[in-house]
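Visitor: I'd like to ask you about the structure that follows.
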């Protein structure tokens with residue numbers, strides 16, 4: 141059957157479904173094509189389920205390690221029922237995915253399940269269980285995302301070698317887990333599986349964890365805590381191969397030129413993701429794809445074929461759900477005839493490790509590279525924040541990078557409790573072009589974690605209240621870079 | 053049978069309206085998608101506007117000579133049968149052809165084919181977005197950035213009046229309304245010029261014609277340039293006998309390729325070579341940033357006299373082209389300029405301009421620089437003149453040249469040295485071989 145639409149969205153992840161809804165809101169006749177599940181990787185095998193697992197693991201961890209200190213006595217050790225946890229996690233995913241389904245339906249977006257392939261730049265063939273359609277649309281939005289990368293010697297089969305998808309589906313906690321790749325996905329899964337009882341070893345090929353992804357000071361806090369909790373981290377370690385030894389495996393890796401071995405019950409491969417641009421006949425119809433596999437787009441996310449747009453992971457870094465959603469809205473509005481272009485200053489990033497890392501704007505070297513030769517940098521520790529201490533989550537800090545002359549906030553890097561929820565204020569500050577004074581002079585309610593943002597701005601200006609800053613008496617002229625934290629109350 | 057509105061698409065950067073020159077179809081004509089339906093003249097160029105739909109022309113909404121704002125309905129079609137188009141709402145017509153692209157694909161198709169590049173079709177310029185996205189250093193809130201976009205204002209060109217150069221809502225609004233006083237009108241903005249009225253005698257003794265289209269744009273550009281740039285012109289003559297010999301050989305060689313070789317390409321090549329020695333001639337001043345921008349590429353504009361007025365087509369990367377290729381470009385672009393068929397792309401991005409008033413007449417002229425360039429080079433008629441060789445009077449040929457410079461960047465002595473280096477190339481054209489790439 142041939143069907144015609146104004147807009148055809150391919151891929152129902154956080155980019156695609158958002159684009160479809162906004163298209164429909166604008167009165168465009170819209171169809172969305174999805175091969176697996178509504179909500180995509182994010183809602184089904186990514187962001188959301190991993191957060192469910194992280195929450196549960198953290199809960200367990202607090203029961204074991206923090207409850208007794210707070211005077212909560214539990215007879216015996218808290219016991220984990222992994223099968224029940226997985227069921228609950230799945231219910232979270234189903235709820236969210238069901239929500240997407242309702243939203244699409246409510247906005248009269250037609251949903252077609254099947255594998256898509258372009259026949260030409262104006263026609264999409266979709267084949268599914270009960271579907272064999274030709275979809276013709278005036279505009280296509282490609283939002284088919286990315287998938288995990290493999291490395292030689294390790295093929296993802298989701299039984300022995302797992303991707304994030306397989307790891308999230310585990311209904312038994314592996315005794316020994318070897319994680320190849322210390323990026324944010326590897327670290328998030330490592331952290332929660334360790335808390336659920338795995339012995340975790342991370343093999344990272346680079347000299348630091350989260351290389352280039354997060355502020356080095358923030359990473360240091362997390363690395364220290366990982367080590368303390370018993371996670372083994374081997375840096376500069378290159379995984380080479382593995383073989384079965386009885387029921388478990390032996391992973392061979394190279395460290396300082398020497399070959400080393402490790403035992404593992406499961407291997408988790410998280411060395412990155414690549415765009416799915418090799419699928420759907422995208423090359424065949426003449427779409428321009430760059431050497432890293434991203435579809436090339438202009439600032440309206442339009443490809444070289446004027447009726448085709450690309451958003452999300454497949455259209456470039458950073459591969460983050462919220463960037464995809466933002467682009468989804470943008471493209472729908474462009475198609476709807478509105479003048480829009482991508483001009484956001486920052487895509488905030490969040491890493492759900494322990495403690496959480498979140499950032500918005502530039503790191504120091506980026507700020508310098510962008511012409512801000514003189515910076516003011518200040519930090520405020522959660523250890524001096526009443527709410528953090530009363531939550532027994534007092535590790536980490538808020539770090540602010542600002543232009544020394546104009547005091548305009550250029551970057552905010554947080555490591556600590558609820559960093560993920562705190563970063564939005566920083567993103568707003570950067571988008572608004574706020575100055576340190578704007579953050580410092582906004583009354584933040586007490587006692588909250590949010591006060592750390594205000595105090596970090598004060599610290600950057602050289603005069604935070606809940607921290608002793610030297611030189612004493614130098615509030616107005618202090619550079620704010622030297623400071624010692626003091627705990628108050 | 054359903055009807056289908058055809059709107060005037062967005063026909064280029066900053067263009068808000070166009071003058072309908074000519075309908076290319078008649079009522080009752082059946083048209084196919086992408087067929088040109090009208091010639092529309094904007095302040096930048098005359099473009100053929102295609103219809104995104106097929107159908108039968110039902111009615112015209114404008115007559116020839118009318119100004120049409122972009123995005124308004126110019127023509128109504130009876131949608132052709134076939135059952136393909138379900139046409140109803142106005143949204144329909146927008147979603148069919150995203151506005152920027154329909155327009156740009158038309159001029160792109162006319163771009164003179166570059167001899168080297170492969171795939172010409174997709175890269176035609178359909179990827180340009182106007183206004184361009186706000187650059188990272190621009191200080192403005194997300195809402196202000198969007199306001200600028202919706203008002204078709206390039207926020208990157210605004211010098212913000214707020215703290216640390218922050219662009220405020222008011223800054224954006226004042227860009228749009230022409231009545232606003234230029235409180236913070238940076239020099240990058242359109243010059244704020246007085247508009248004195250002229251009270252004529254009226255009656256049949258005078259005829260009033262509205263100043264619009266290309267004429268209006270020429271006026272604005274000239275006024276802008278004179279407002280911003282302190283001009284000075286240096287004049288010189290050069291013996292042209294050797295150049296004439298060389299050119300006449302090249303001319304007959306060019307004929308074999310069907311290319312007419314004039315003096316202009318030689319002048320251009322000598323100019324490029326001289327600019328390499330004096331990079332301040334192939335530059336711009338970024339007034340907003342208070343920076344001088346030296347350009348490492350050479351896009352040569354050349355003034356062309358056309359029935360519509362002065363046009364300046366641009367030979368892109370002229371330094372990388374052979375004399376023959378430059379000749380060919382000059383011929384093709386010149387012809388298009390005269391026919392009013394230049395695409396916007398073909399008039400953008402010149403780094404220095406050559407004007408050949410001499411082909412018409414005049415001993416010398418003092419041309420106006422094509423802002424944001426910093427120099428314009430004039431070439432004039434070759435004339436026979438008696439000269440002394442010893443005590444003998446002999447016949448010689450001379451050609452006059454002028455270089456008009458932005459005195460903010462180029463000093464008089466520099467211009468004189470520049471001209472000296474240029475003249476030596478013209479008088480000894482074999483030296484041009486040394487500059488060959």
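Residue numbers (this note's numbering), protein chains in the order written: chain A, 141 to 629; chain B, 53 to 489. Ideal placement from N, C-alpha and C gives every residue a C-beta, glycine not left out. None of these values were measured; they are calculated from a predicted model.
#1: Which residues in chain A sit within 7 angstroms of residue 181 of chain B, going by Cβ to Cβ distance?
#2: Where does residue 592 of chain A sit, in a helix, a strand or coil, going by DSSP?
#3: Please tell me whether residue 385 of chain A has its Cβ less than 9 angstroms away from any Cβ of chain B.
#4: What number of angstroms, rounded off, separates the C-alpha of residue 367 of chain A from the C-alpha of residue 373 of chain A?
#5: Say whether chain A places a C-beta atom closer than 9 angstroms to the C-beta of residue 193 of chain B.
#6: What first and last residue would you give for the beta strand (DSSP E) that runs through residue 441 of chain B?
#7: With DSSP collapsed to three states, give me the class of residue 183 of chain B.
#8: Report the neighbours of residue 481 of chain B on chain A: residues whose CB is nearer than 8 angstroms to its CB, in chain order.
#9: Got a sec? Which residues, its chain only, sit under 7 angstroms from residue 205 of chain B by beta carbon, not counting five neighbours each side?
#10: How is residue 102 of chain B classed by DSSP in three states: helix, strand or coil?
#11: Of all the residues that make up the stretch 530-560 of chain A, which are near chain B by a beta-carbon distance shorter than 7 angstroms?
#12: Should residue 427 of chain A and residue 438 of chain A be called a contact, given that it needs their Cβ atoms to be closer than 9 angstroms?
#13: If you run the structure through DSSP and keep just helix, strand and coil, what is residue 386 of chain A?
#14: Quick one: which residues of the stretch 483-499 of chain A get their C-beta closer than 8 angstroms to a C-beta of chain B? List them in chain order.
#15: If I measure Cβ to Cβ from residue 207 of chain B and keep anything under 8 angstroms in the same chain, skipping five residues before and after, which residues do I get?
#16: Roughly how many angstroms separate the alpha carbons of residue 612 of chain A and residue 504 of chain A, rounded to a whole number?
#17: Taking the C-alpha atoms as reference points, what is the distance between residue 386 of chain A and residue 204 of chain A?
#18: Report yes or no: is there a C-beta of chain A within less than 9 angstroms of the C-beta of residue 215 of chain B?
#19: So, using beta-carbon positions, are residue 102 of chain A and residue 192 of chain A closer together than 9 angstroms?
#20: Between which two residues does the beta strand (DSSP E) containing residue 326 of chain B stretch?
#21: Report the partner residues of residue 130 of chain B according to the DSSP bridge assignment.
#22: In terms of alpha-carbon separation, which member of A:483, A:480, A:593 lies closest to residue 518 of chain A?
#23: Closer than 7 angstroms, Cβ to Cβ, to anything on chain B: give me those residues from the stretch 567-578 of chain A, in chain order.
#24: Starting from residue 100 of chain B, find everything on chain A with Cβ-Cβ shorter than 8 angstroms and list it in chain order.
#25: Could you pull the start and end residues of the alpha helix (DSSP H) that residue 273 of chain B belongs to?
#26: Nearest by alpha-carbon distance to residue 230 of chain A: which of A:309, A:543, A:581, A:556 is it?
#27: By alpha-carbon positions, which one of A:581, A:153, A:464 ends up nearest to residue 451 of chain A?
#28: Within the same chain, show all residues whose beta-carbon is closer than 7 angstroms to that of residue 317 of chain B, passing over the 5 residues directly before and after it, in chain order.
#29: Looking at C-alpha atoms only, which residue of B:116, B:285, B:298, B:194 is the closest neighbour of residue 426 of chain B?
#30: Can you pull the chain B residues whose beta carbon is under 9 angstroms from the beta carbon of residue 511 of chain A, in chain order?
#31: DSSP three-state call for residue 289 of chain B: helix, strand or coil?
#32: Which residues in chain A have a C-beta closer than 9 angstroms to the C-beta of residue 262 of chain B? List them in chain order.
#33: Grab the span of the beta strand (DSSP E) containing residue 337 of chain B for me, first residue to last.
#34: Roughly how many whole angstroms lie between the Cα atoms of residue 478 of chain B and residue 454 of chain B?
#35: Three or more C-beta pairs under 8 angstroms: does that hold for the stretch 316-333 of chain B against the stretch 450-469 of chain B?
#36: Which residue or residues does DSSP assign as beta-bridge partners of residue 450 of chain A?
Guide: Straight from the coordinates:
#1: 438, 439, 440, 481
#2: helix
#3: no
#4: 7 angstroms
#5: yes
#6: 427-441
#7: coil
#8: None at all; the shortest Cβ gap to chain A is about 43 angstroms.
#9: 183, 224, 227, 228
#10: strand
#11: 546, 548
#12: no
#13: coil
#14: 483, 484, 485
#15: 183, 186, 190, 192, 196, 197, 200, 201, 219, 224
#16: 26 angstroms
#17: 33 angstroms
#18: yes
#19: This structure cannot settle anything about residue 102 of chain A, because the visible part of chain A is limited to 141 through 629.
#20: Premise fails: residue 326 of chain B lies in the alpha helix (DSSP H), 316-329, not in any beta strand (DSSP E).
#21: B:55, B:108
#22: A:593
#23: 571, 572, 573
#24: The premise fails here: residue 100 of chain B is roughly 18 angstroms from chain A at the closest Cβ pair, so nothing lies under 8 angstroms.
#25: 265-280
#26: A:309
#27: A:464
#28: 375, 378, 379, 382
#29: B:285
#30: 189
#31: strand
#32: Within chain A, no residue comes near residue 262 of chain B; the closest Cβ sits about 28 angstroms away, beyond 9 angstroms.
#33: 335-338
#34: 13 angstroms
#35: yes
#36: A:282
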